[in-house]
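Have a look at the structure below, then the notes.
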Amino acid sequence: MSEEQSNQAQLPPTDAIEVASLRQFESWFEYPVKVHPHHTDYAGIVWHGSYITWMEEARVECLRSIGIEFADLVALGCDLPVVELTVRYHRAIALGMAVVVKTRMVDVTGVRINWDYAIVSTDGQQLFATAKVTLVALDKERGKIMRQLPTSVKDALAKISALHNN
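With full-length UniProt numbering applied, the sequence shown covers 1 to 166.
In structure tokens form, the structure reads like this:
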């Protein structure tokens, strides 16, 4: 057996790698989704933009789960627009399937808030997509990036970080 064949024989099967990596998402906030016709293209496969909508919904619900209503942030004059987004599509999701969008706030650097996402099967065995999103705090009235997060927002984000970043 050649050295190359020997090295390849030692690699675990792809499924084993994926299942092992899915464990990292266990403590993240979970947002269940059922795929409806309006989420899909003509072939019955989820349209790529639907994933982004689900991630936004999961982030808003994650904030709500710790008592932060997005409408309250807006009322404080603070908006959190997305300034950076990367998505990796691993496997297609089809019409009628149920999946779970998992999310967690990774960190806050100044006024930048970074979130991670994973869209997985309900049994946690298949990974459909992963993503990273960066938000910034924007002063709605001035239309400018804030110099610092409002104290109430900072405190709430610290709470969410403690809950979902094990």
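Quick reminder that beta carbons are idealized off the backbone N, C-alpha and C, glycines included.
Our two residues, M97 and I145, have alpha carbons roughly 39 angstroms apart in a direct line. When DSSP states are grouped into helix, strand and coil, L95 belongs to the coil group.
S121 places its beta carbon less than 8 angstroms from that of V99. Counting only the Cα atoms, D79 lies some 9 angstroms from F70. In the DSSP assignment, I52 falls outside any beta strand (DSSP E) and lies within the alpha helix (DSSP H) extending over 48–65. In the DSSP assignment, F70 falls within the unbroken alpha helix (DSSP H) covering 70–75. D107 sits in a strand when the DSSP states are folded into three classes.
Straight across, the Cα-Cα distance linking D116 with V35 is about 21 angstroms. Taking V74 as the centre and dropping the five residues before and after it, the same chain places the C-beta of K140 closer than 8 angstroms to its C-beta, in chain order.
For A118, the three-state secondary structure derived from DSSP is strand.
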